[in-house]
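Residue numbering for the sequence shown follows the numbering used here, starting at 15 and increasing by one per position.
For each residue, glycine too, the CB sits at the ideal point set by N, CA and C.
In this text, all values refer to a predicted model and were calculated from it rather than measured experimentally.
First up is the structure itself, then whatever we jot down about it.
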Amino acid sequence: MKSVRIAIVILASLLLAVGRFGPTQGQDLANFRFVHADPGSPALDVFVNGELAATDVTYGAATAYMRVPAGEVAFSANLATTSVQLIDERFSLAAETTAAILSSRADGRLHLAADNLGQLAFGRARVTVFNALDTVAVVALGPVNDGPIAQAELSPGIGAGPFEVDAGLFELFLRASDANTDGRPFDAVLSAGASHLLIIHGRQDNPQLLSVSAATEGGVNSGRARFVHAIAGAAPLDVRLNDRLILPALAFGEPSQHIPLAVGSHRIALFLGPAEILSQQLVIRAGQAATMAVMGSSAGLTMRSFRDSFDSVDESSAVVSLINAIPGSVISHLQLEGGAIAAFNVPFGEAGDAARIAPGAQSMTVHLDIGDDRGAMESPARHFAGGSYYNIIALAGGAFSAPRLLIAETSLQRQVGAMPLMTAADEPADQATPEPEIEEQIEEQSIAETAEEPALPTEAADEEAAAQPEPSAAEETAEVSDFETPMELEATPTEHDAPTEPVATPEAVAETDARNLIVAGSEITSLTPYAMVNVDPDSALHIRQYPSSDAMSLGLLPAASEMMVLGRRGPADLDGFGLSLLPVDLSDFTADPATGLRPYQDLAAADTWLFAVYMTPDGGALYGWVNAYFLDVFDHKGQRQRLASLAQVRQNQLGGATNTDIRPPSLADHISARVIGLNPGAYLNLRAGNSAITEVLTQVAADAVLGFLGVDSEEAWAFVSYESPQGNRVTGWVSMDFIQLLLNGRPTLAASLRALDPSAAPILGSVVTGAIQPAGPSDGDAAERPMTGIVGEVDVNFDSALHLRRYPDATSESLALIPRGIRLHLDGVTESSGWYKVTYEGDDGWVAGDYLILSMDGRQYARAFLDGHLPRFTNRGT
15 MKSVRIAIVI LASLLLAVGR FGPTQGQDLA NFRFVHADPG SPALDVFVNG
65 ELAATDVTYG AATAYMRVPA GEVAFSANLA TTSVQLIDER FSLAAETTAA
115 ILSSRADGRL HLAADNLGQL AFGRARVTVF NALDTVAVVA LGPVNDGPIA
165 QAELSPGIGA GPFEVDAGLF ELFLRASDAN TDGRPFDAVL SAGASHLLII
215 HGRQDNPQLL SVSAATEGGV NSGRARFVHA IAGAAPLDVR LNDRLILPAL
265 AFGEPSQHIP LAVGSHRIAL FLGPAEILSQ QLVIRAGQAA TMAVMGSSAG
315 LTMRSFRDSF DSVDESSAVV SLINAIPGSV ISHLQLEGGA IAAFNVPFGE
365 AGDAARIAPG AQSMTVHLDI GDDRGAMESP ARHFAGGSYY NIIALAGGAF
415 SAPRLLIAET SLQRQVGAMP LMTAADEPAD QATPEPEIEE QIEEQSIAET
465 AEEPALPTEA ADEEAAAQPE PSAAEETAEV SDFETPMELE ATPTEHDAPT
515 EPVATPEAVA ETDARNLIVA GSEITSLTPY AMVNVDPDSA LHIRQYPSSD
565 AMSLGLLPAA SEMMVLGRRG PADLDGFGLS LLPVDLSDFT ADPATGLRPY
615 QDLAAADTWL FAVYMTPDGG ALYGWVNAYF LDVFDHKGQR QRLASLAQVR
665 QNQLGGATNT DIRPPSLADH ISARVIGLNP GAYLNLRAGN SAITEVLTQV
715 AADAVLGFLG VDSEEAWAFV SYESPQGNRV TGWVSMDFIQ LLLNGRPTLA
765 ASLRALDPSA APILGSVVTG AIQPAGPSDG DAAERPMTGI VGEVDVNFDS
815 ALHLRRYPDA TSESLALIPR GIRLHLDGVT ESSGWYKVTY EGDDGWVAGD
865 YLILSMDGRQ YARAFLDGHL PRFTNRGT
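Below, the structure written as structure tokens:
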């Protein structure tokens with residue numbers, strides 16, 4: 015816990031269990047879960063007693079309940095996918111007690127809290143409020159539009175409750191005692207048959223509420239049911255059973271848990287506000303479980319019940335069951351990694367047979383037919399645990415979202431150590447009893463997250479740019495800026511972006527965790543200040559290569575992210591000529607602005623750049639410059655840090671990335687070199703080798719633009735490509751003294767490129783020699799020549815793609831995804847000039863014009879001019 019401060023909660027319910035539910039006959043077991051409750055910390059892998067318990071647990075996520083022998087428990091957590099250990103603690107889980115465990119930001123220790131999964135009366139919910147702040151929290155809890163049922167002042171690490179209440183919508187009024195605010199209300203949805211933990215966390219001046227829940231125990235004559243709202247775009251629904259509210263505000267894609275219900279036939283009714291919109295009978299049988307899904311569209315709704323095969327689950331295997339909730343579709347098959355088929359021929363409104371799979375990492379592909387169209391949805395690999403049942407629900411996409419899979423876990427016999435892949439030789443455990451202790455983990459996997467296309471980020475958007483449509487990716491954000499302040503804020507769009515390739519785990523992660531490779535003399539220690547990103551929850555902050563809004567962005571830091579602060583901007587150790595070689599203008603910063611400040615004065619945050627290190631979820635680091643205007647900066651004691659007291663870091667210190675797959679976009683296709691510094695009438699020699707005595711292959715005029723391929727080990731010569739007037743393609747070496755490297759048309763340095771992407775400015779050996787490739791019958795390298803006619807080049811964010819749609823409408827079916835940089839012949843335009851008709855890989859369709867760079871015969875013209883040369887179509891594409 016040296017460089018990353020973690021706040022976590024582990025809910026633990028201790029119970030006496032019969033031998034077939036535990037690792038040892040007659041042994042007392044603790045039933046616990048892990049909840050990640052710190053918005054500023056990275057994803058974690060969790061270990062209990064040295065065994066892997068959960069992987070990649072992100073902020074706001076909770077694992078399912080797991081069983082562990084009662085007594086002393088060794089708990090540890092690593093930065094996800096790495097061996098970098100952030101937590102290593104031991105605690106005691108005594109028999110016949112219930113406990114939760116909290117690691118606070120204040121002292122880093124694990125604290126005990128409480129959870130209770132005991133049986134509840136019909137229609138009742140249980141709720142506990144827990145304070146994970148570093149200060150006293152004043153709370154009041156009560157139904158919406160009614161008075162409070164409980165009020166308390168909670169010290170750090172202390173909870174209030176549990177309280178048993180009727181299911182419904184509640185309001186928690188919260189105020190941190192040390193904050194100079196009046197407090198604020200938070201909504202809490204409390205469902206029947208579940209125990210809810212409301213965790214207060216975050217900063218004193220901006221506390222947040224995280225809600226996690228668990229299904230409670232049922233009686234002897236009971237079964238279980240899960241309810242799923244699977245109507246894309248529909249409002250939340252209230253679920254009533256026999257006229258009693260059990261699930262308030264059930265939202266699309268957020269299924270309930272398998273809550274206990276009494277045996278018998280029940281009337282299930284769905285309400286939208288005060289109006290009943292649908293009802294159906296549900297039969298509950300003793301010891302059995304079912305999932306009830308409401309499906310369809312505005313054209314018609316249906317409610318279907320599907321039996322969940324809990325009796326197929328044992329400790330050595332996981333069981334999956336697929337429900338098709340995409341109207342008009344047939345899932346031909348659900349294919350697992352390795353080729354196994356888990357479901358076959360599942361039409362809309364039906365479920366496939368439950369399939370048993372081996373625990374461990376597993377990817378999935380859903381093959382889907384809608385009419386005559388066929389497609390596939392791929393789910394990245396995730397862990398499936400032995401002893402758990404998984405409902406996999408295929409959900410339709412909405413106007414601004416793509417179809418996706420919802421994966422909901424119900425833990426039946428899951429134990430610590432159930433995550434690793436089991437071998438075929440493992441003996442299966444006994445079958446589950448009719449009423450096992452259960453808990454659920456619901457995870458939404460976005461499948462082919464391909465909604466409308468993102469707009470290009472811009473540091474200072476003008477009025478015309480501001481009027482452009484919202485971008486389309488939750489991961490890709492469009493940058494907005496104020497003209498008077500250095501706004502480094504990045505607004506998150508309303509749609510998910512096109513899918514990226516799965517991120518590969520690094521083969522080896524350096525154990526130094528970026529301690530000594532950032533800034534010489536400024537290593538990370540336990541006394542290093544830290545900062546939290548203070549932007550709106552739907553925004554992000556740039557971390558940049560240099561302290562300037564014009565500098566290259568290395569990545570985006572989510573709201574509430576935490577980073578270590580190594581210092582503030584200081585003057586560079588370069589003369590004016592050296593500063594002029596940097597890719598951004600830093601020449602106006604030559605003196606320390608803190609000079610002459612009185613002790614009670616500080617630097618203006620908007621004018622202050624900090625050099626910081628952000629530990630990425632994959633175990634590496636992004637390091638670079640962030641604007642202090644969007645940060646809350648603290649010293650190692652958690653007190654506000656005076657900016658002027660920070661150490662200085664030279665402003666020419668490069669930002670970059672290490673040991674992480676979270677990198678800036680590949681730069682290789684956007685780097686060039688311009689010939690500069692020649693005397694009038696002189697030419698630059700392009701040579702066969704990196705020496706002035708090697709053969710001259712050709713000569714290049716001033717201001718010519720060359721393709722950049724790399725540099726020699728001394729960075730004195732650059733290896734370039736050049737197309738001569740005769741059409742010959744020449745590769746060779748030119749002196750670095752007479753070229754200016756360009757990144758997307760802007761001056762840059764080889765060192766800057768390499769810090770962003772090591773492959774962007776490769777170091778080539780002297781054995782690499784130049785050559786002349788004569789023009790062939792096709793008149794040169796056609797692939798590098800501009801296409802003729804009116805052309806649109808796809809211009810979306812890196813690692814994104816553009817939808818090819820059947821009709822010129824953002825809600826129309828997506829036929830394909832077109833990568834960035836692809837050039838398309840334009841065959842027509844709609845009357846509103848918003849969509850262009852194209853053909854891509856044999857498919858005819860429409861693409862949004864906001865994400866195209868238009869040209870004709872290789873030259874760019876005004877859009878209105880080019881539109882006038884294209885056939886016109888109606889806005890419906892006819």
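- request: Within 10 angstroms of the Cβ of residue 817, are there 16 or more other Cβ atoms? Answer buried if so, exposed if not.
  value: buried
message: For residue 614, count the other beta carbons within 10 Å of its own beta carbon; 16 or more makes it buried, fewer makes it exposed. Which is it?
response: exposed
- prompt: Exposed or buried, what is residue 690 when buried is set at 16 or more other beta-carbons lying within 10 Å of its beta-carbon?
  reply: exposed
task: Determine the closest residue to residue 13 out of 321, 107, 840, 199, with distance taken between C-alpha atoms.
output: What the structure shows of the chain is the stretch from 15 to 892, and residue 13 is not part of that stretch, so it cannot be assessed.
message: Any contact between the stretch 250-264 and the stretch 176-185? By contact I mean 3 or more CB pairs, one from each, below 8 Å.
response: yes
- prompt: My guess is that residue 50 and residue 75 are in contact by the Cβ rule of under 8 Å, so how many angstroms apart are they, rounded?
  reply: 6 Å
query: Grouping DSSP H, G and I as helix and E and B as strand, with all else coil, what is residue 646?
result: strand
task: Count the other CB atoms, across all protein chains shown, that sit within 10 Å of the CB of residue 650; report buried if there are 16 or more and exposed otherwise.
output: exposed
task: Mind checking which residues open and close the beta strand (DSSP E) that includes residue 81?
output: 80-83
message: So, does the stretch 857-871 touch the stretch 828-838, judging by three or more C-beta pairs under 8 Å?
response: yes
query: Going by other Cβ atoms of all chains shown within 10 Å of its Cβ, with 16 needed for buried, is residue 231 buried or exposed?
result: buried
task: Out of 44, 69, 64, 73, point me to the one whose CA is closest to residue 52's CA.
output: 73
task: From the DSSP output, in three-state form, read off residue 900 for me.
output: No answer is possible for residue 900: it lies beyond the span of the chain, which begins at 15 and ends at 892.
- prompt: How many Å lie between residue 757 and residue 240 at the Cα?
  reply: 54 Å
field: Residue(s) in a DSSP beta bridge with residue 624
entry: 582, 640
query: Would the beta-carbon of residue 545 fall within 9 Å of that of residue 645?
result: yes
field: Cβ-based burial, residue 297 [other Cβ within 10 Å; buried from 16]
entry: exposed
- prompt: Would residue 92 be called buried (16 or more neighbouring beta carbons within 10 Å of its own) or exposed?
  reply: buried
query: Quick one: what's got a C-beta closer than 7 Å to residue 462's C-beta in the same chain, skipping five residues either side?
result: Note on residue 462: pLDDT 34, under 50, position unreliable in the model; the coordinate value appears next. So the list reads 391, 392, 416, 513, once near-sequence residues are dropped.
message: Starting from residue 62, trace the beta strand (DSSP E) in both directions and tell me its first and last residue.
response: 58-62
query: Taking DSSP as the reference, what is the three-state secondary structure of residue 750?
result: helix
Rounded distance between the beta-carbons of residue 420 and residue 407, thought under 8 Å: 4 Å
message: At the level of alpha carbons, what is the spacing between residue 45 and residue 145?
response: 22 Å
- prompt: Are the Cβ atoms of residue 142 and residue 211 separated by less than 9 Å?
  reply: yes
field: residue 606 in three-state terms, based on DSSP
entry: coil
query: Looking at residue 411 and residue 246, is the spacing between their C-beta atoms short of 9 Å?
result: yes
Whether residue 846 touches residue 806 by CB criterion (9 Å): no
message: Can you find the residues in the same chain that come closer than 6 Å, C-beta to C-beta, to residue 541, ignoring five residues on each side of it along the sequence?
response: 650
task: Apply the 10 Å Cβ neighbour rule to residue 442 and answer buried if 16 or more other Cβ atoms are within range, or exposed otherwise.
output: Confidence at residue 442 is low in this model, with a pLDDT of 33, below 50, so the placement of that residue should be treated as unreliable; the coordinate-derived value is given next. Exposed, by the Cβ-count rule.
- prompt: Got a sec? Which residues, its chain only, sit under 7 Å from residue 584 by beta carbon, not counting five neighbours each side?
  reply: 606, 662, 663, 664, 665
query: Among residues of its own chain, excluding the 5 on either side of residue 304, which ones have a beta-carbon nearer than 8 Å to its beta-carbon?
result: 237, 238, 239, 240, 296, 298, 319, 320, 321, 322
- request: Mark residue 338 as exposed unless 16 or more other C-beta atoms lie within 10 angstroms of its C-beta, in which case mark it buried.
  value: buried
- prompt: Who are the near neighbours of residue 710 in its chain, counting only those whose CB is closer than 6 Å to its CB and skipping five residues on each side?
  reply: 699, 701
- prompt: Secondary structure at residue 877, three-state DSSP: helix, strand or coil?
  reply: helix
- request: Measure the alpha-carbon distance for residue 148 versus residue 60 and round it to whole angstroms.
  value: 24 Å
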